[in-house]
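Just so you know, the working numbering puts 71 at position 70 of the sequence shown, and the rest follows in order with no gaps. Glycine residues also receive a C-beta, built at the ideal position from the N, C-alpha and C atoms. All remarks here apply to the structure that follows.
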Amino acid sequence: HWNNEDAGMNAKVSQFETSIIQVTQEGGDTWGKVAYVVEGIDLDKTPILEVKAAKVDVGCGFMVNVASSDWSEMFTVVKRTSADGVHKGNIEKAIKDSKNPDLWKSPAKFNVVVVVEGKDKSVLLDQVKIRSDK
């Protein structure tokens, strides 16, 4: 999901290189978000969300959240950063205060949401994966 589908997202996704996507803020706000639907996730076995930022524009920050499939809840998994490199967070820990835990039962379906801050700024993501904590 991105601005092309929902004007309220305020961001766009483009293929920067073969394995790198670019998430760019656009629109009237100073932030934007894009979302990727993931399905069939066993959070008991694979609770870690890991992103590798190849490059973050100067004056830009980003964070990664998870949102329930019905968008009724959203939780921050990777806190706001402006640093390149690998960033990790634990989905299970982030959703521990969920008002509707049934939405997160395995095999879970939810949205991985990348929020980018900074007018017309971008983050280049080399990988986004959900993995075990080992």
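Beta-carbon spacing of residue i, residue j below 7 angstroms
{"i": "Asn112", "j": "Ala36", "result": "yes"}
{"i": "Val117", "j": "Ala12", "result": "yes"}
{"i": "Asp85", "j": "Lys122", "result": "no"}
{"i": "Val52", "j": "Val39", "result": "no"}
{"i": "Ile21", "j": "Asp127", "result": "yes"}
{"i": "Val24", "j": "Val124", "result": "yes"}
{"i": "Thr31", "j": "Arg132", "result": "no"}
Coil, strand or helix - residue i by DSSP
{"i": "Gly119", "result": "coil"}
{"i": "Trp105", "result": "helix"}
{"i": "Ile96", "result": "coil"}
{"i": "Gly33", "result": "strand"}
{"i": "Gly9", "result": "helix"}
{"i": "Glu51", "result": "strand"}
{"i": "Asn4", "result": "coil"}
{"i": "Ala68", "result": "strand"}
{"i": "Thr19", "result": "coil"}
{"i": "Glu40", "result": "strand"}
Inter-residue spacing [alpha-carbon to alpha-carbon] between residue i and residue j
{"i": "Tyr33", "j": "Val67", "result": "The sequence shown places Gly at residue 33, rather than the Tyr named in the question. Approximately 15 angstroms between the Cα atoms of the pair."}
{"i": "Gly119", "j": "Ala54", "result": "16 angstroms"}
{"i": "Trp105", "j": "Lys130", "result": "17 angstroms"}
{"i": "Lys89", "j": "Ala109", "result": "19 angstroms"}
{"i": "Gly28", "j": "Gly60", "result": "17 angstroms"}
{"i": "Thr77", "j": "Phe63", "result": "11 angstroms"}
{"i": "Pro102", "j": "Ile42", "result": "14 angstroms"}
{"i": "Trp72", "j": "Glu18", "result": "30 angstroms"}
{"i": "Asp134", "j": "Val79", "result": "15 angstroms"}
Inter-residue CB distance, residue i and residue j (contact presumed, cutoff 8 angstroms)
{"i": "Leu50", "j": "Glu93", "result": "No, Leu50 and Glu93 are not in contact; Cβ-Cβ is about 10 angstroms, not under 8 angstroms."}
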